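Here the structure comes first, spelled out in structure tokens, and everything after it is commentary.
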């Protein structure tokens, strides 16, 4: 593909044909704000905060969707551009609850970051605000549509990455909102609660129910790990506060799954610190399960398996593995069944 | 043979033309008369005068014909050769009845090219269209012209898009023709949505084959074998007539495979829109045809390169396509001889508002607004004073009296802060409040905003709120500045044409009628006496005879007074309904 040379803020930049102004500007070291843009999703050009001035153009151009052209002269931070961005932030904040102090998104909110960067303290328009009830009738996701800026990332991720298309825009004008068909709640829809919409949401409109009010993003340590649920091998971060896992967050560097996960990996981490979890072997003595040492327990198991094998033969034993174990663990178990116990009776639970 | 042409456009149908048709047939057969043909036509554009009945070849124009008038028309006119005076059109300017449609000033100054068949042929009979030279243009291009020659002819004609934007049609066709792709589409935008505009509906209802022929010619020129007509579902009659027309054209071989033995194939499908104004925007329209929520997408890529289902697509408006057969038949030079330097041919306008003759008018480009409103429209109703004309619908602007002699063409209108739009013309008189007008249009665009981009969705809402505030008498001096700042940013940063033009009604009224805004804000007065929050009803003591009629009609008991003594209105109680003023026979109640 041919190269295109253009000028961004007076600096010459050469990029491949088809590159957007946004990408070219990033290459040249200029940061342009975006709210609806996501490199992994289709480009709607909707939020307009990434507008730039292109010499000779009638209107400001959305840099996320405008391809570069030879000889183009772009200004990413001219006065009309800054004014337009401030206006957009002002308009968004004017229809937004001013409760950043208790908002779970504080610290990772794109809207707050840009309001800070562009010095828009609060919405200046004193008119109507949309007032929607907060939706939390499911175990995983809290939807606060009052904080939604209608960037549509959730709609696109659900359609383009997850393939479920549970949500879309409904209504028109100021009353536009994102909802499942017939405006039911997520719980009543065919949502699978993979949480991808929460991952891409730039504001506090979609948050994780379990962790609300539990921590601020800067209080947690992120530890990358592999999901224990199935053999796909998704990676993500465990969020650790005071040596306890308090949540899970996607890690974009994950080679297998990128930022996207399923409901189990995303929300099923609470077994880690569960009081019901077994931490020591138990042996039934006089009808009661009593704690034992590993040596004691393993010796007992070896004895019993040996006895059964001698008395009834190898095929009287069956082994059930877990999909939650790693491939290596399951390989070992298979070896153990076939080489040590001498049976092919080995299976596993396909799902968790 | 005498013919009785009865209009069966949507307007005349709703004023009762089907019953008139039935009556004609019934009365004629009762009398055993078989040498008079009765048939339905499309719209004449003068719907307020419906049901319209034309007697040919006499050119007699009967209007507001009722079922009971039919026997008299048959006896007196068809059998007796005399005119039936009472159903003739009354010309308001000269206070005279007119016999022939050619003499009615509403028609006399029009140049009906696109509308030439409307009202004169039966739109449900392809034979009528063919008998008037229909499908000759398609035959001509398929048998004697190369696709590039067709594109060149359209370019040479100077035809520009009639949907509002005014983009040169030939150039658009060239882009689609040059775009790489084995599959291409032609789309007809029949999602007419401007309040009051109905020219596309009339063409579809009155001359559907002209649009089909124009699309087929376009298909040949750009290399498409499939066309879509996106027509709003609120136009059931237009859809029905299109369905009939497509079926008949396929039966006759004007659509389908190997048309005129040329090897060219072209089929047309109809897609009914679901009522969203924004679907008139081409990318939203394409998104809607694809089965998604009608929301615009960024351009580039333009539809010519990546349109319907990602394929190169040429999209034009109904009126644009209806011009195409005329250009091919009569030649580009003929077409380019009409109009102005930059705007060729004719344009159909929907003339409405405070004007004597309302309806569809087709005029050459470059005609002045004054000629349209005063010569064709017959001037302002009730002898009132002209104040402004709103052109271009919600995307357009309001032009004041000083601009009445402005030539109506694409470029002059843009310069004046309005736009051609699809051709809505709303005439306003001195009793119209310009702030109220701006509010009306902003309310429309805000409700019809698709909600995708922030400036349009949130910005038009705030503009509307400020206008509401001003009309309620709560306006503050800085509101005008805020309105202008918002308008500028919305125009400059919105995604599609809807948002980019939504502030126009506010900007143009601010430009030409700023003093009205200022009266609302500073004096808390509405000069036109429209904004009820700023009105006060008063009884003039010297004129009041104390009859008590006003007090009796007042629904809230705000008027009191002794019999035969001047009465008084309690402003605290008054709800400004205006009933008292209507009731007073002595002109003793005034508002202001």
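Protein chains in written order, with my numbering: chain Z, 6 to 357; chain L, 3 to 594. Don't be surprised by glycine CBs; every beta carbon is placed ideally from N, CA and C. In this text the structure is predicted, and so the values were computed from the model without any measurement.
Consult DSSP for residue 247 of chain L and reduce its assignment to one of helix, strand or coil.
-> Here residue 247 of chain L refers to the residue found at position 245 of the second chain. In the structure shown, residue 247 of chain L sits in a helix (DSSP, three-state: H, G or I).
Opposite residue 290 of chain Z in the DSSP bridges: which residues?
-> Residue mapping note: residue 290 of chain Z aligns to position 285 of the first chain, counting from 1. Residue 290 of chain Z is bridged by DSSP to Z/293.
Kindly indicate which three-state DSSP category residue 155 of chain Z falls into: helix, strand or coil?
-> Translated into the one-based positions of the first chain, residue 155 of chain Z becomes position 150. Residue 155 of chain Z: coil per DSSP, three-state reduction.
Report yes if the C-beta distance between residue 52 of chain L and residue 66 of chain L is below 9 Å; otherwise report no.
-> The residue you call residue 52 of chain L lines up with position 50 of the second chain. The residue you call residue 66 of chain L lines up with position 64 of the second chain. Yes. Within cutoff.
Where residue 502 of chain L meets chain Z, residues with beta-carbon distance less than 9 Å | Stepping through the second chain from its first residue, residue 502 of chain L is reached at position 500. The contacting residues are 63 and 64.
Closer than 8 Å by beta-carbon distance: list the chain L residues that pair up with residue 85 of chain Z, in chain order.
-> Within the first chain, numbered from 1, the residue matching residue 85 of chain Z stands at position 80. The contacting residues are 494.
Where does residue 196 of chain Z fall in DSSP's three states?
-> On the first chain, position 191 is the one that residue 196 of chain Z refers to. Reduced to three states, the DSSP call for residue 196 of chain Z is coil.
Quick one: residues in its chain with C-beta nearer than 6 Å to the C-beta of residue 505 of chain L, no 5 flanking neighbours on either side, listed in chain order?
-> Start at 1 with the first residue of the second chain, and residue 505 of chain L comes out as number 503. Closer than 6 Å at the Cβ level, and outside the excluded window around residue 505 of chain L, lie 489, 492 and 493.
Beta carbon of residue 69 of chain L, beta carbon of residue 18 of chain L: below 9 Å?
-> Along the second chain, one-based indexing puts residue 69 of chain L at 67. Along the second chain, one-based indexing puts residue 18 of chain L at 16. For residue 69 of chain L and residue 18 of chain L, yes; Cβs fall inside 9 Å.
Distance CB(residue 282 of chain L)-CB(residue 379 of chain L) smaller than 9 Å | Numbered from its first residue, the second chain carries residue 282 of chain L at position 280. Numbered from its first residue, the second chain carries residue 379 of chain L at position 377. Result no, Cβ atoms of residue 282 of chain L and residue 379 of chain L do not sit closer than 9 Å.
Taking C-beta to C-beta, are residue 207 of chain L and residue 240 of chain L nearer than 9 Å?
-> Translated into the one-based positions of the second chain, residue 207 of chain L becomes position 205. Translated into the one-based positions of the second chain, residue 240 of chain L becomes position 238. At a Cβ-Cβ threshold of 9 Å, residue 207 of chain L and residue 240 of chain L count as neighbours.
Chain Z beta carbons: is any one of them nearer than 9 Å to that of residue 464 of chain L?
-> Position 462 of the second chain holds residue 464 of chain L. Output row for residue 464 of chain L: interface = yes.
Minimum Cβ-Cβ distance from residue 349 of chain Z to chain L less than 9 Å = In the first chain, residue 349 of chain Z corresponds to position 344, counting from 1. Answer no: the Cβ-Cβ gap between residue 349 of chain Z and chain L never drops below 9 Å.
Burial state of residue 260 of chain Z (16 or more Cβ within 10 Å) = Along the first chain, one-based indexing puts residue 260 of chain Z at 255. By the 16-neighbour rule on beta-carbons within 10 angstroms, residue 260 of chain Z is exposed.
Report yes or no: is there a C-beta of chain L within less than 9 Å of the C-beta of residue 280 of chain Z?
-> Start at 1 with the first residue of the first chain, and residue 280 of chain Z comes out as number 275. Look at residue 280 of chain Z: its C-beta is not under 9 Å from any C-beta on chain L.
Give the secondary structure of residue 110 of chain Z by DSSP, where H, G and I count as helix, E and B as strand, and everything else as coil.
-> Mapped onto the first chain, residue 110 of chain Z falls at position 105. It is coil, neither helix nor strand.
For the alpha helix (DSSP H) that contains residue 501 of chain L, what are its first and last residues?
-> Along the second chain, one-based indexing puts residue 501 of chain L at 499. Counting along the chain, the alpha helix (DSSP H) containing residue 501 of chain L begins and ends at 499 to 503.
Measure from the alpha carbon of residue 552 of chain L to the alpha carbon of each residue in L/345, L/584 and L/99, then state which is nearest.
-> On the second chain, residue 552 of chain L is found 550 positions in, with the first residue counted as 1. Considering only alpha carbons, the answer is L/584.
Which residues in chain L sit within 8 Å of residue 148 of chain Z, going by Cβ to Cβ distance?
-> As a first step, residue 148 of chain Z is located in the first chain; it is residue number 143 there, counting from the start. Chain L residues near residue 148 of chain Z: none, gap ~17 Å exceeds 8 Å.
Kindly provide the ranges of any alpha helix (DSSP H) runs that are 4 or more residues long and lie completely inside the stretch 49 to 129 of chain L, ordered along the chain.
-> Counting only runs of 4 or more, we get 107 to 110.
Within-9 Å CB hit, residue 491 of chain L to chain Z | For the purposes of this step, residue 491 of chain L is taken as residue 489 along the second chain, with counting starting at 1. Taking Cβ atoms only, chain Z reaches closer than 9 Å to residue 491 of chain L, which makes this a yes.
Meets three-Cβ-pair contact criterion under 8 Å: the stretch 202 to 217 of chain Z and the stretch 468 to 478 of chain L = Output reads no: the stretch 468 to 478 of chain L does not touch the stretch 202 to 217 of chain Z.
Mind listing the chain B neighbours of residue 263 of chain L? Cutoff is C-beta to C-beta under 7 Å, in chain order.
-> Absent from the structure is chain B; the protein chains it does hold are Z and L.
Do residue 96 of chain Z and residue 460 of chain L have their C-beta atoms closer together than 9 Å?
-> Walking along the first chain from the start, residue 96 of chain Z turns up at place 91. Walking along the second chain from the start, residue 460 of chain L turns up at place 458. In this structure, residue 460 of chain L lies closer than 9 Å to residue 96 of chain Z by Cβ.
C-beta neighbour in chain L for residue 181 of chain Z, strict 9 Å | The sequence position of residue 181 of chain Z within the first chain is 176, counting from 1. Under the Cβ distance rule, residue 181 of chain Z counts among the residues neighbouring chain L, one pair being separated by less than 9 Å.
So which residues of chain L does residue 49 of chain Z contact, with C-beta pairs closer than 9 Å?
-> In the first chain, counting from the first residue as 1, residue 49 of chain Z sits at position 44. For the C-beta of residue 49 of chain Z, the chain L residues within less than 9 Å are, from N- to C-terminus, 297, 299, 300, 454, 455 and 497.
Use the C-beta contact count for residue 3 of chain L: other C-beta atoms within 10 angstroms, 16 or more gives buried, fewer gives exposed.
-> Within the second chain, residue 3 of chain L is the residue found at index 1, counting from 1. Residue 3 of chain L comes out exposed.
Is the closest heavy atom of the ligand GDP to the C-beta of residue 72 of chain Z under 8 Å?
-> Among the components modelled here there is no ligand, and therefore nothing to report on the ligand GDP.
Can you have a look at residue 317 of chain Z and say buried or exposed, based on whether 16 or more other CB atoms are within 10 angstroms of its CB?
-> Numbered from its first residue, the first chain carries residue 317 of chain Z at position 312. Counting Cβ neighbours within 10 Å, residue 317 of chain Z comes out exposed, since fewer than 16 surround it.
is_contact[residue 142 of chain Z, chain L] using C-beta, thresh 9 Å = On the first chain, residue 142 of chain Z is found 137 positions in, with the first residue counted as 1. Not a single CB atom of chain L sits nearer than 9 Å to the CB of residue 142 of chain Z.
Go ahead and pull the three-state DSSP assignment for residue 5 of chain L.
-> Within the second chain, residue 5 of chain L is the residue found at index 3, counting from 1. Per DSSP, reduced to three states, the secondary structure at residue 5 of chain L is strand.
Can you name the residues of chain Z whose CB is closer than 8 Å to the CB of residue 449 of chain L?
-> As a position in the second chain, residue 449 of chain L is number 447, starting the count at 1. Against chain Z, the beta carbon of residue 449 of chain L has neighbours under 8 Å at 177 and 178, listed in chain order.
Hey, residue 128 of chain Z and residue 99 of chain Z are a contact pair by Cβ (cut 8 Å); roughly how many whole angstroms apart?
-> Reading the first chain from its first residue, position 123 is the one you call residue 128 of chain Z. Reading the first chain from its first residue, position 94 is the one you call residue 99 of chain Z. That belief holds up - the Cβ atoms of residue 128 of chain Z and residue 99 of chain Z are roughly 3 Å apart, short of 8 Å.
At least 3 beta-carbon pairs within less than 8 Å: the stretch 55 to 72 of chain Z vs the stretch 18 to 34 of chain Z = Yes, the stretch 55 to 72 of chain Z is in contact with the stretch 18 to 34 of chain Z.
Run through DSSP, which three-state label would residue 376 of chain L get?
-> Counting from one through the second chain, the residue named residue 376 of chain L turns up at place 374. If DSSP states are grouped into helix, strand and coil, residue 376 of chain L belongs with the helices.
Which listed residue (L/439, L/482, L/510 and L/237) has its alpha carbon closest to that of residue 405 of chain L | By 1-based counting over the second chain, the position of residue 405 of chain L is 403. When only C-alpha atoms are compared, the closest one is L/510.
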